[in-house]
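**Student:** Residues 181 to 431, numbered by this note's numbering, are exactly what the sequence shown covers, in order.
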Amino acid sequence: EDPNFATTVATKIGKKADKTELEELATTVSETYTTKDEFNNLSIGGRNLIKNSAFLDGTAYWTCANNPNTTTTVDNNMVFNGHPSLKMVSSGWTTAKWYGARNWEIPRGDTSIKAEETVTISCWYYVSDKSKFDNAIGFEIKGTKDDGTDGTAIFIHVQPDNIVENKWTRVSKTTKVPYNFNNIYAFLYVTQNGEVWFADVKFEKGNKATDWTPAPEDAQTQLDAQGQRITTAESNIEQHADMIASKVSQT
Numbered sequence: 181e182d183p184n185f186a187t188t189v190a191t192k193i194g195k196k197a198d199k200t201e202l203e204e205l206a207t208t209v210s211e212t213y214t215t216k217d218e219f220n221n222l223s224i225g226g227r228n229l230i231k232n233s234a235f236l237d238g239t240a241y242w243t244c245a246n247n248p249n250t251t252t253t254v255d256n257n258m259v260f261n262g263h264p265s266l267k268m269v270s271s272g273w274t275t276a277k278w279y280g281a282r283n284w285e286i287p288r289g290d291t292s293i294k295a296e297e298t299v300t301i302s303c304w305y306y307v308s309d310k311s312k313f314d315n316a317i318g319f320e321i322k323g324t325k326d327d328g329t330d331g332t333a334i335f336i337h338v339q340p341d342n343i344v345e346n347k348w349t350r351v352s353k354t355t356k357v358p359y360n361f362n363n364i365y366a367f368l369y370v371t372q373n374g375e376v377w378f379a380d381v382k383f384e385k386g387n388k389a390t391d392w393t394p395a396p397e398d399a400q401t402q403l404d405a406q407g408q409r410i411t412t413a414e415s416n417i418e419q420h421a422d423m424i425a426s427k428v429s430q431t
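1. If distances are taken between C-alpha atoms only, which option among GLY331, THR275 and TRP348 comes closest to VAL259?
2. Whole angstroms is fine: what's the gap from ASP380's alpha carbon to ASN261's?
3. Relative to the C-alpha of ILE125, which residue among GLY331, ILE317, LEU368 and ILE334 is closest?
4. Determine the burial state of LEU202: buried for a count of at least 16 other Cβ atoms within 10 Å of its Cβ, exposed for fewer.
5. What residues in its chain sit with their C-beta under 7 Å from that of THR371, if we drop five residues either side in the sequence?
6. Can you name, in chain order, every residue of its own chain whose Cβ lies under 8 Å from the Cβ of ASP309, other than the five neighbours on each side?
7. Can you give me the C-alpha to C-alpha distance between ASN362 and GLY323, rounded to a whole angstrom?
8. Measure the beta-carbon distance from LEU266 to THR250 and round it to whole angstroms, keeping in mind my assumption that it falls under 8 Å.
9. Please tell me whether ASN373 and PHE335 are closer than 8 Å, where the distance is taken between their beta carbons.
10. Quick one: Cα of ASP341 to Cα of GLY272, how far?
11. For GLU397 versus LYS356, is the C-beta spacing smaller than 8 Å?
12. What residue range does the beta strand (DSSP E) around ASN228 cover?
13. If you run the structure through DSSP and keep just helix, strand and coil, what is ASN247?
14. For the beta strand (DSSP E) that contains TYR306, what are its first and last residues?
15. Please determine, among TRP377, ALA399, LYS325 and TRP392, the residue with the shortest C-alpha to C-alpha distance to VAL307.
16. May I ask you to list the residues that DSSP assigns as paired with ASN362?
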């Protein structure tokens, strides 16, 4: 029996996987970027700048609108990609109100964006009945301009006629920021009336909407929480071991 058989097989599988991945990448590039200039101008950020963008920590970092006509809650039953969603329901409004959820926890060091900087936003939404809407679903990155006024750096509006029903749908947009913005924040909302679920929200620098990933700070928070759970479990095991040892010694 060859002692290196497993290693040899693993190496062959790895090489095959690498070849497959390269072929898939080549196909993707050829389908998406039709000219050399388009490919050369590709700028991918990838890093999600929104903390708790999949609502795994409930509404942490999000300030949610809740009033007699609008409710904003995390829905653990409406799941996308294994993540809970943020449900917004507004009814009874006769004018646009723009109620929803705001997240000011853009990671430290990235709370400003410069004029002409390219940024991309994306999210998934689900609507079961678009007849409830009389205005748009919105996702924006907003902030303070140099003159001290509030402004919008980039936005997505899905108008009622364009809403897709009964299917998780991804929307994205890329733009060059028109002004300098400080104290930027993410904003999800229903403009007037309607019921929608949001999931896997992303804000990144660059001109390509990449797959959802958590902010690095979220990953560290989860690691810290896991470490705390392990420490607690070890402490409990030690306590039980001491109790058992004590009982044994007494007998």
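Every residue gets a Cβ at the ideal spot worked out from N, C-alpha and C, and that includes glycine.
**Tutor:** Answer, in terms of the structure:
1. In the sequence shown, the residue the question calls residue 259 occupies position 79. If you compare the alpha carbons of GLY331, THR275 and TRP348 with that of VAL259, the shortest gap goes to TRP348.
2. In the sequence shown, residue 380 corresponds to position 200, counting from 1. In the sequence shown, residue 261 corresponds to position 81, counting from 1. Taking the Cα positions, ASP380 is about 8 Å away from ASN261.
3. The question about residue 125 has no answer here: the residues shown for the chain are numbered 181 through 431.
4. Within the sequence shown, residue 202 is the residue found at index 22, counting from 1. Model confidence at LEU202 stands at a pLDDT of 46, short of 50, so the residue's coordinates are unreliable and nothing is read from them.
5. Looking up residue 371 in the sequence shown gives position 191. Closer than 7 Å at Cβ, skipping near neighbours: ALA276, TRP278, ASN315, ALA316 and GLY318.
6. Residue numbering aside, residue 309 sits at position 129 when the sequence shown is read from its first letter. Around ASP309: GLU345 and GLU375.
7. Counting from 1 along the sequence shown, the entry for residue 362 is found at position 182. Counting from 1 along the sequence shown, the entry for residue 323 is found at position 143. Linking ASN362 to GLY323 through their CA atoms gives a straight-line distance of about 6 Å.
8. Counting from 1 along the sequence shown, the entry for residue 266 is found at position 86. Counting from 1 along the sequence shown, the entry for residue 250 is found at position 70. The pair is not a contact, with the Cβ atoms about 13 Å apart (cut-off 8 Å).
9. The residue you call residue 373 lines up with position 193 of the sequence shown. The residue you call residue 335 lines up with position 155 of the sequence shown. The answer is no: Cβ separation not under 8 Å.
10. For the purposes of this step, residue 341 is taken as the residue at position 161 of the sequence shown. For the purposes of this step, residue 272 is taken as the residue at position 92 of the sequence shown. Separation of ASP341 and GLY272 (C-alpha to C-alpha, rounded to the nearest whole angstrom) is 20 Å.
11. As a position in the sequence shown, residue 397 is number 217, starting the count at 1. As a position in the sequence shown, residue 356 is number 176, starting the count at 1. Not closer than 8 Å, so no.
12. One-based indexing of the sequence shown puts residue 228 at position 48. Note, ASN228: premise wrong, no beta strand (DSSP E); not H, not E.
13. Position 67 of the sequence shown, counted from the start, is the residue given in the question as residue 247. In the structure shown, ASN247 sits in a strand (DSSP, three-state: E or B).
14. Within the sequence shown, the letter at position 126 stands for residue 306. Here the beta strand (DSSP E) through TYR306 covers 298-306.
15. Locating residue 307 in the sequence shown gives position 127, counting from the first residue. Among TRP377, ALA399, LYS325 and TRP392, the Cα nearest to that of VAL307 is on TRP377.
16. Against the sequence shown, residue 362 aligns to sequence position 182. ASN362 pairs with SER292 and THR324.
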